[in-house]
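I have placed the structure first, in the form of structure tokens, so that the comments after it can refer back to it.
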Amino acid sequence: MSTASLYRAPSERPTISFELYPPRTPKGEASLQRTVASLADIGPDFFSVTYGASGATRQTSRDLLCTILRDTPITPIAHLTCVGASEADLTEYIDGLLEAGVRDFLALRGDPPAGQDDWRAHPDGLTRSSQLVALMRDLAARRLGPEDPVSISVAAYPGGSYSADGEAVVDPSDVAALLEKQEAGADFAITQVFFDPAHYAELVSAARAGGVRIPIVPGLIPLTDPKRLRRLEQLTGVPVPQRLLDSLDSAEDPDEAYRRGLAASVELSHGVLQAGAPGLHLYTFNSSRAVLDLLDQAGLTPTPAVARSQAR
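Heads up, the sequence shown is in our numbering, so the first residue is 4 and it goes up one at a time.
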């Protein structure tokens with residue numbers, strides 16, 4: 004089932020999906036197998052599988068995609084970036100994924116590899132995710148034909164800026180980039196991390212005003228780990244609300260901090276759904292506990308009947 008079809012018509016329930024990343028060690032691989040099985044049991048709409056900078060996880064990403072295809076009824080989305088690869092390299096890798104049965108992709112420009120401050124294109128590579136979308140569309144049309152369509156998603160950026168009046172602000176260049184991806188053939192977008200439903204609502208409002216019609220799915224992380232939140236702030240530049248960090252830091256023990264973070268996560272989830280989000284894409288960090296607890300407390304865990312309907 005194409006992930007794009009999930010968003011072509013109104014649904015009675017929000018979509019639920021999870022991001023996974025390829026394991027780095029044998030211990031991580033064993034843990035991820037348990038996580039995949041646990042998450043697959045509730046019948047999510049799809050898994051997305053990350054792709055390391057410069058293709059560092061190219062083989063392990065493909066292995067994980069194939070495992071999901073072989074061992075679960077859940078559709079996998081393959082992340083792909085422009086970093087450190089020629090157009091010929093990307094073409095070969097995409098062809099291999101299509102041959103393996105992957106039909107769903109997330110096209111990203113990608114971040115610079117660790118230790119490299121600025122973004123540098125490969126001499127024979129692509130420079131924008133819209134170019135990657137166009138390449139995927141062309142390859143799919145030539146390799147598969149219209150009877151076997153692919154789905155292509157892209158990233159969107161709500162950011163974390165506010166005006167002097169305290170109103171959420173979205174960078175117009177991010178809206179322009181999203182419009183460019185849509186025109187290249189993107190089916191829907193998944194946002195990067197944010198912490199205020201107002202930023203999601205403002206992104207959607209600005210995008211619609213700018214001509215973006217594709218669905219925009221919020222990407223959320225469980226707000227249960229203050230160390231991870233601070234690290235994400237460093238990596239993304241999106242500020243974590245100080246009141247949230249203060250609440251987690253002042254908890255009398257880790258269990259209380261977890262409960263407080265979970266409550267904040269539920270509030271954020273409900274906030275974006277009230278703003279019209281078509282679903283939730285949850286960043287798992289390869290652990291099922293927090294995302295499953297979040298869905299349970301938010302009343303969003305798919306029912307067994309829904310779970311069964313996800314089987315291919």
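All residues carry an ideal CB built from backbone N, CA and C; glycine is no exception.
* Asked: In three-state terms, what does DSSP make of glutamate 22?
  -> Strand at glutamate 22.
* Residue burial classification, leucine 295 (beta-carbon count within 10 angstroms, cutoff 16) -> Buried, since its Cβ has 16 or more Cβ neighbours within 10 Å.
* Own chain, CB closer than 6 Å to tyrosine 325, minus 5 neighbours either side, in chain order -> For the chain, the structure presents residues 4 to 315; residue 325 sits outside this window and is missing.
* Candidates Leu298, Ser5, Leu303, Thr304, of which the one nearest glutamate 150 by Cα -> Nearest C-alpha to glutamate 150: Ser5.
* Any idea what DSSP makes of aspartate 299, helix, strand or coil? -> In the structure shown, aspartate 299 sits in a helix (DSSP, three-state: H, G or I).
* Asked: How would you call alanine 110, buried or exposed, if buried means at least 16 neighbouring beta carbons within 10 angstroms?
  -> Per the 10 Å Cβ criterion, buried.
* To do: Determine the direct distance from the alpha carbon of arginine 145 to that of isoleucine 71, and round the result to whole angstroms.
  => Each residue's CA atom was taken as its position, placing isoleucine 71 and arginine 145 some 26 Å apart.
* How many Å lie between aspartate 190 and valine 136 at the Cα? -> If you draw a straight line from the Cα of aspartate 190 to the Cα of valine 136, it is about 10 Å long.
* To do: Assign serine 154 to one of two classes, buried (16 or more other C-beta atoms within 10 Å of its C-beta) or exposed (fewer than that).
  => Classification for serine 154: buried.
* Coarse secondary structure for serine 1, derived from DSSP in three states -> In the structure as shown, the chain begins at 4 and stops at 315. Residue 1 is therefore absent and cannot be evaluated.
* Asked: Does the count of Cβ pairs from the stretch 274-293 and the stretch 214-229 closer than 8 Å reach three?
  -> Pairwise C-beta distances place the stretch 274-293 in contact with the stretch 214-229, as three or more of them are shorter than 8 Å.
* Closest by CA to arginine 140, which one among Ile97, Gly31, Gly264? -> Nearest C-alpha to arginine 140: Ile97.
* Asked: Taking three-plus beta-carbon pairs below 8 Å as touching, is the stretch 160-169 in contact with the stretch 200-207?
  -> When C-beta atoms of the stretch 160-169 are compared with those of the stretch 200-207, three or more pairs fall below 8 Å, so the two segments count as touching.
* Hey, threonine 158 and alanine 192: beta-carbon distance below 8 Å or not? -> Correcting the residue identity first, residue 158 is alanine in this sequence and not threonine. With a cutoff of 8 Å on beta-carbon distance, alanine 158 and alanine 192 are scored as near each other.
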